[in-house]
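S.K.: Residue numbers (our numbering): 160 to 260.
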């Protein structure tokens, strides 16, 4: 059975950006354990990672937002981000400052 389109895009994205994503993995894990000491790197490198992810999301959903496929596009984007969150559980915190940062 063929992999879903969002999974193919996720795999391609991670392959093309493996060195950056691996570097961010260390920072992400450090941020989860100690926000205070990892905050600066998390937000700095994380913004670059999120920009890449959003670019791939746009490619995945390109042209679907119009018409009858709008709901499908939204669900596809949601599945794509859920796949990302399996690896980077705190990705949504990139760029958001908190009292812990």
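Beta carbons are placed, not taken as given, at the ideal position from N, Cα and C, and that holds for glycine.
Can you tell me which of 204, 232, 257, 212 puts its alpha carbon nearest to the alpha carbon of residue 244?
M.R.: Checked all of 204, 232, 257, 212; the closest Cα to residue 244 is 212.
S.K.: To the nearest angstrom, report how far apart residue 184 and residue 247 are at their CA atoms.
M.R.: Taking the straight line from one Cα to the other gives about 7 Å.
S.K.: Is DSSP giving residue 192 helix, strand or coil here?
M.R.: helix
S.K.: In three-state terms, what does DSSP make of residue 112?
M.R.: No answer is possible for residue 112: it lies beyond the span of the chain, which begins at 160 and ends at 260.
S.K.: What does the alpha-carbon distance come out to for the pair residue 189 and residue 208?
M.R.: 16 Å
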